[in-house]
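The block underneath contains the structure these notes are about, expressed in structure tokens.
2 protein chains.
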Amino acid sequence: MVAVPTSLRGVNYSVTVDVTLRAGIADPEGATIERALPALGFSGVSAVRAGKSFRMNVEADNEEAALAKATSLAQRLLSNPVMEDVVARITSEA
Amino acid sequence: MVAVPTSLRGVNYSVTVDVTLRAGIADPEGATIERALPALGFSGVSAVRAGKSFRMNVEADNEEAALAKATSLAQRLLSNPVMEDVVARITSEA
């Protein structure tokens, strides 16, 4: 068994991927939330949009590679590219 | 009709609220995503956790007030406080 040097193993990055509806796509969930807020006593809140977020640990050589991998997998598995945008960001280096 | 000075109207902040499952709460959605990734050719991704995110414009006097309002409404309307954590962050000043 050959030990793999740390430098070849890559670093674990904590990445958060936000999947949001594209501008112009109707968001009934957000609209319903917005209508419910005044009855709960919250005023001055508008343009509510609902989305999904995914947190994951990504093994990669650097931040750019981690973000690229997370964006790519989110576009293939976690979102509908016709209706949704994907934005990945580094949360921390694990 | 009395015009309201701008200084009394507050500022519109774009706030994003992330609703995530607390540590230790089982996340079948995240586990399913994680199992599906190798078949799509993505390796080195672990600890996938699924959550929700909400973007909204909040009218408030300052950033702290906007974050407090968003956190409060998310805890009452958008999350299950027993199982989920709420984190609000300013995305931009609208």
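These protein sequences, in sequence, are chains E and C. Under the working numbering, the residue at position 79 of the first sequence is numbered 79, and the numbers go up by one with no gaps. Under the working numbering, the residue at position 86 of the second sequence is numbered 180, and the numbers go up by one with no gaps. Don't be surprised by glycine CBs; every beta carbon is placed ideally from N, CA and C. Source: prediction; values computed, not measured.
{"Asked": "Every unbroken beta strand (DSSP E) within the segment 7-53 of chain E, with a cutoff of 3 residues, ordered by chain", "Found": "11-21"}
{"Asked": "Beta-bridge pairing of methionine 150 (chain C) - partner residues as DSSP gives them", "Found": "C:Val109"}
{"Asked": "One or two residues paired with aspartate 179 (chain C) in a DSSP bridge", "Found": "C:Thr114"}
{"Asked": "Interface residues of the segment 126-140 of chain C facing chain E [CB-CB below 7 Å]", "Found": "Ile127, Ala130, Leu131, Leu134, Phe136, Gly138, Val139, Ser140"}
{"Asked": "Contact under 8 Å by Cβ, asparagine 151 (chain C) with alanine 36 (chain E)", "Found": "no"}
{"Asked": "Where serine 186 (chain C) falls: helix, strand or coil (DSSP)", "Found": "strand"}
{"Asked": "Three CB pairs or more closer than 8 Å across the segment 8-20 of chain E and the segment 58-65 of chain E", "Found": "yes"}
{"Asked": "Valine 142 (chain C) at chain E interface by Cβ criterion, 8 Å", "Found": "yes"}
{"Asked": "Segment limits, alpha helix (DSSP H) that includes leucine 167 (chain C)", "Found": "157-167"}
{"Asked": "CB contact check: arginine 89 (chain E) to chain C, cutoff 8 Å", "Found": "no"}
{"Asked": "Any non-hydrogen atom of the ligand HEM closer than 7 Å to leucine 115 (chain C) Cβ", "Found": "In terms of ligand content, the structure shown is empty, and the ligand HEM therefore cannot be addressed."}
{"Asked": "Residues near methionine 177 (chain C) by beta carbon distance below 7 Å, same chain, minus five either side", "Found": "Leu115, Arg116, Ile119"}
{"Asked": "For alanine 50 (chain E) and alanine 159 (chain C), the rounded distance between their alpha carbons", "Found": "21 Å"}
{"Asked": "8 Å Cβ cutoff, valine 152 (chain C) in contact with chain E", "Found": "yes"}
{"Asked": "Nearest candidate by alpha-carbon position, reference alanine 164 (chain C), set E:Ala68, E:Phe54, E:Phe42, E:Pro38", "Found": "E:Phe42"}
{"Asked": "Same chain only: Cβ atoms within 8 Å of serine 53 (chain E), ignoring 5 sequence neighbours per side", "Found": "Thr16, Val17, Asp18, Val19"}
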